[in-house]
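Sequence lines, in order, name chains A and B. Note that UniProt numbering has the first sequence beginning at 1, numbered continuously upward. Note that UniProt numbering has the second sequence beginning at 1, numbered continuously upward. Note that beta-carbon positions come from the ideal geometry of N, C-alpha and C, so glycine has one too. Written below as structure tokens is the structure these notes are about.
2 protein chains.
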Amino acid sequence: MPEGHKKHRYKLVYFQGKGRGEPIRLIFHHFGVDFDDIRLSQEEWQAHKQLKIAPMDQLPYLVVDDEKLVLCQSMTIARYLAKSFGRSQGFAGKGITEAALSDMYADGVNDIITSYLYNVMFIKDDAAKKKASKEFYKTKYTNFLDTYQEALKNNSSKHENSGHFLVGKQLTYADFVFACALHTCDEVMPKSLKNHSLLNDYLTYIKNLPTIKDYIEKNW
Amino acid sequence: MPEGHKKHRYKLVYFQGKGRGEPIRLIFHHFGVDFDDIRLSQEEWQAHKQLKIAPMDQLPYLVVDDEKLVLCQSMTIARYLAKSFGRSQGFAGKGITEAALSDMYADGVNDIITSYLYNVMFIKDDAAKKKASKEFYKTKYTNFLDTYQEALKNNSSKHENSGHFLVGKQLTYADFVFACALHTCDEVMPKSLKNHSLLNDYLTYIKNLPTIKDYIEKNW
């Protein structure tokens, strides 16, 4: 049973897609906590900006109760909710060492997404974009997959957890952050996980967690 | 007196400059905790990479004791040390709300640095770089300064702390992250804070904290 969730009302504001909002949505669903899932089009966001609620003019942002607390930065929001709902289960990492490892893996995913946006997605010229995309997948993306597959392997042999979790013996918010990224990459480039079967199994495991399975089947 | 620091040995590996390593170095100095401050040239880093210690092939990384724990991602490292040395003082934020606000401001700084790197620094053509730099300072950088000045003002009126801290009533690691960024911007573009006197006073206050004043005078 999530801690303290009955006391608060939550509103998450993001774009319509999964992107940087989806790990946060998964956390709400996983803990069975109600939230307003506000999804804006690009045009609506331009108008919404004028309200001056988003702390750094960025999406996603989270409103807790009547703007008593407004947070932006997706990893910050995910970590905050992880502690709010799942502290006793170690969902933000058990103790400061596992908390740090969870943060590191979550920040690492955030890094590769940012790198993809700037190095590929923001390129306007079609030919240049195609070339950059190939290069990105061949180097940075493959390194990323290798690094995380190795992390899963090491953590699994240390904690005997069958490779289901990045850190420690149980699910942390970093697993949702990572699984969302893996799924998106697999959508953009089908079969991108074919050389990383451990990651493929991991993604399947996370997507089938009973707490989020229904949501994922309807929305992914 | 910092908590638990006598039990552990720390090694921070980064480049020679301040960059993403400096807030971490400030945390060590602030708490009077010894650490190996390893500074690599670009050439040394290329050779060092072959050792395969850096968890995501990135600097900075932190080694705790004999590689029992190796962390990368600068905000992750800063947060980990903030909790290790200053938890009882709320240096990582008091309670989960102030922890989230500290994380948000730290992540926001990290964001603007990344944006600067990709939008300005990585541009190779001199004329294009000059144009991008002007544009960056006129829009994103000014927005950033406005946002953080507003945050300082709001927090100051809420907690009566004279505008010295971003969050709550006391110093958090986010203040070191922010002060390092402000100083670097001021170095790159002198007088960039002339329209933000509150930020100028804030930076002066942080630089003169008795715990870090000597280090800053010798190194900045």
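Element boundaries [alpha helix (DSSP H), containing residue i]
i              : result
residue 177(A) : 173–188
residue 221(B) : Since the first residue of chain B shown is 1 and the last is 220, residue 221(B) is not available in this structure.
residue 133(B) : 126–136
residue 197(B) : 197–207
residue 149(B) : 142–159
residue 219(A) : 213–219
Length of the line joining the Cα atoms of residue i and residue j
i              : j              : result
residue 14(A)  : residue 61(B)  : 32 angstroms
residue 57(A)  : residue 107(A) : 21 angstroms
residue 44(A)  : residue 53(B)  : 46 angstroms
residue 163(A) : residue 68(B)  : 20 angstroms
residue 79(B)  : residue 201(B) : 25 angstroms
residue 220(B) : residue 17(B)  : 10 angstroms
residue 148(B) : residue 166(B) : 8 angstroms
residue 84(B)  : residue 102(B) : 16 angstroms
residue 155(A) : residue 171(A) : 12 angstroms
residue 10(A)  : residue 31(A)  : 13 angstroms
residue 90(B)  : residue 96(B)  : 10 angstroms
residue 93(A)  : residue 157(A) : 18 angstroms
residue 204(B) : residue 196(A) : 51 angstroms
residue 209(A) : residue 160(A) : 19 angstroms
residue 217(B) : residue 20(B)  : 19 angstroms
residue 82(A)  : residue 99(A)  : 11 angstroms
residue 65(A)  : residue 50(B)  : 50 angstroms
residue 215(B) : residue 33(B)  : 13 angstroms
residue 183(A) : residue 153(B) : 42 angstroms
residue 109(B) : residue 7(A)   : 31 angstroms
residue 133(A) : residue 207(B) : 43 angstroms
residue 230(A) : residue 73(A)  : In this structure chain A extends from 1 to 220, so residue 230(A) is not present and cannot be described.
residue 131(B) : residue 120(A) : 21 angstroms
residue 59(A)  : residue 188(B) : 29 angstroms
residue 75(A)  : residue 127(B) : 36 angstroms
residue 168(A) : residue 178(A) : 15 angstroms
residue 136(A) : residue 125(A) : 16 angstroms
Spatial neighbours of residue i in its chain, beta-carbon cut-off 6 angstroms, leaving aside the 5 residues before and after
i              : result
residue 26(A)  : 176 and 212
residue 77(B)  : 24, 62 and 71
residue 129(A) : 123
Cutoff 8 angstroms; reference residue i; Cβ partners in own chain excluding five residues on either side
i              : result
residue 112(A) : 140, 141, 144 and 181
residue 199(B) : 145, 148, 149, 152, 182 and 193
residue 138(B) : none
Below-9 angstroms beta-carbon distance, residue i vs any chain A residue
i              : result
residue 104(B) : yes
residue 113(B) : no
residue 100(B) : yes
residue 172(B) : no
residue 25(B)  : no
residue 141(B) : no
residue 204(B) : no
residue 147(B) : yes
residue 155(B) : no
Cβ of residue i within 9 angstroms of any chain B Cβ
i              : result
residue 55(A)  : yes
residue 88(A)  : no
residue 84(A)  : yes
residue 20(A)  : no
residue 132(A) : no
residue 108(A) : yes
residue 73(A)  : yes
residue 76(A)  : yes
residue 79(A)  : yes
residue 96(A)  : yes
Other residues of its chain near residue i: CB distance less than 7 angstroms, five sequence neighbours each side excluded
i             : result
residue 22(B) : 180
residue 37(B) : 12 and 25
residue 39(A) : 14, 15 and 16
Near the ligand GTP: residue i beta-carbon under 8 angstroms from a heavy atom
i              : result
residue 184(A) : As presented, the structure is devoid of all ligands, the ligand GTP included, so that no description of it is given.
- Query: Where are the beta strand (DSSP E) runs, 3 residues long or more, that stay fully inside the UniProt domain "GST N-terminal" (8–89) of chain B, in chain order?
  - Reply: Uninterrupted beta strand (DSSP E) stretches at least 3 residues long and entirely within the UniProt domain "GST N-terminal" (8–89) of chain B occur at 10–15, 36–40, 61–64 and 69–72, given in chain order.
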